[in-house]
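In this note's numbering, the protein residues as written are 1 to 303.
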């Protein structure tokens, strides 16, 4: 079985549209997706969402019914999204996720086969979907594969990675993944990429993942749009410098909508059914983050 680009574009025709308005996850992964979508599709960044609060510009509010949520999954039926979180509990997905382009949904990955989830970032899915070849330099590869710690997953979960490469055929995976499972690549991460990120404050924490050879703990970057505009601008400049992607305009935020983030055991949700749980709690977004836990967000007042 292969996952076909044309089928995805047929089912999610908005992915072919130019000049759309979009909101991203408030982290490195969201920002590098923003650079890609602005450069290749002319999309306009209008806000951020960190799974708790939404920051949005006036342009975003004016086009709220047309927004696309990138590196995210949201439940409302009007919302279109593209992301890679696991959302399947059973065969009854919430109606809103029918407009979510999510490879785990497409490939029927659920909490029961969590280890088979899509191992790459949303950016790498977009590279495959639009068949965009990455600039053939070490630094470009470092920035690309830093998204969602993809390089460590390539090292650690080789079988799952190969399974997905076979599903997503017709792409130059060989060049992108060449020599990732090596000491030299890890040295480049530690001595070339991380100093750039640390210099601009784009290393705000660590993930649980560690590299295979030098035991390097992977770095993460989450930001707060209230005060991290310099960080956002500096990352866009680095993407422009090393990937040759045009910098998106940083949105002028006019409103922050505060939500409430929660975590619940999957067993509790399973007992009442996912759709019933979502309706009862007015869930805006959720993700199955482990075989036993579900994280979700609600907004008491969201117009």
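For glycine and all other residues, C-beta sits at the position ideal for the given N, C-alpha and C. Please read all numbers here as calculations on a predicted model, not as lab measurements.
Among all the DSSP beta bridges, which residues are the ones paired with residue i?
i, result
"residue 49", "25 and 54"
"residue 222", "27"
"residue 259", "Answer is none; residue 259 lacks a bridge partner."
"residue 231", "Answer is none; residue 231 lacks a bridge partner."
"residue 294", "264 and 288"
"residue 280", "In the DSSP output, where bridge partners are listed per residue, residue 280 has none listed."
"residue 88", "110"
"residue 206", "219"
"residue 137", "Per DSSP, none; premise fails for residue 137."
"residue 83", "102"
"residue 173", "Bridge partners of residue 173: none, in fact."
"residue 122", "DSSP, once it has assigned bridges, lists no residue as partnering residue 122."
"residue 68", "22 and 80"
Does the Cβ of residue i have 16 or more other Cβ atoms within 10 Å, making it buried, or fewer, making it exposed?
i, result
"residue 291", "exposed"
"residue 182", "exposed"
"residue 44", "buried"
"residue 155", "buried"
"residue 105", "buried"
"residue 102", "buried"
"residue 215", "exposed"
"residue 100", "buried"
"residue 15", "buried"
"residue 220", "buried"
"residue 128", "buried"
"residue 227", "exposed"
"residue 131", "exposed"
"residue 81", "buried"
Do residue j and residue i come within 8 Å of each other at the CB atom, strictly closer than that value?
i, j, result
"residue 75", "residue 96", "yes"
"residue 209", "residue 255", "no"
"residue 238", "residue 3", "no"
"residue 253", "residue 31", "no"
"residue 288", "residue 86", "yes"
"residue 116", "residue 88", "no"
"residue 70", "residue 57", "no"
"residue 293", "residue 270", "no"
"residue 261", "residue 297", "yes"
"residue 27", "residue 223", "yes"
"residue 243", "residue 98", "no"
Which residues in the same chain as residue i place their Cβ atom closer than 8 Å to its Cβ, once the five residues preceding and following it in sequence are excluded?
i, result
"residue 229", "250"
"residue 118", "84, 103, 104, 107, 109, 125 and 164"
Can you list, in chain order, the residues of its chain whose CB lies under 6 Å from that of residue i, leaving out five sequence neighbours each side?
i, result
"residue 218", "149, 152, 207 and 209"
"residue 211", "152 and 186"
"residue 20", "43 and 68"
"residue 121", "29, 147, 148 and 150"
"residue 197", "203"
Closer than 7 Å by C-beta to residue i: which residues in its own chain qualify, once you throw out the five before and the five after it? Chain order, please.
i, result
"residue 133", "172"
"residue 123", "29, 32, 33, 36, 144 and 147"
Would you say the beta carbon of residue i is closer than 7 Å to some non-hydrogen atom of the ligand ZN?
i, result
"residue 90", "You won't find the ligand ZN in this model; it holds no ligand whatsoever."
(message) Using 8 Å as the cut-off, can you tell me whether the stretch 174 to 193 makes contact with the stretch 139 to 146, which would need three or more C-beta pairs spanning the two stretches below that distance?
(response) Counting Cβ pairs under 8 Å, three or more are found: they touch.
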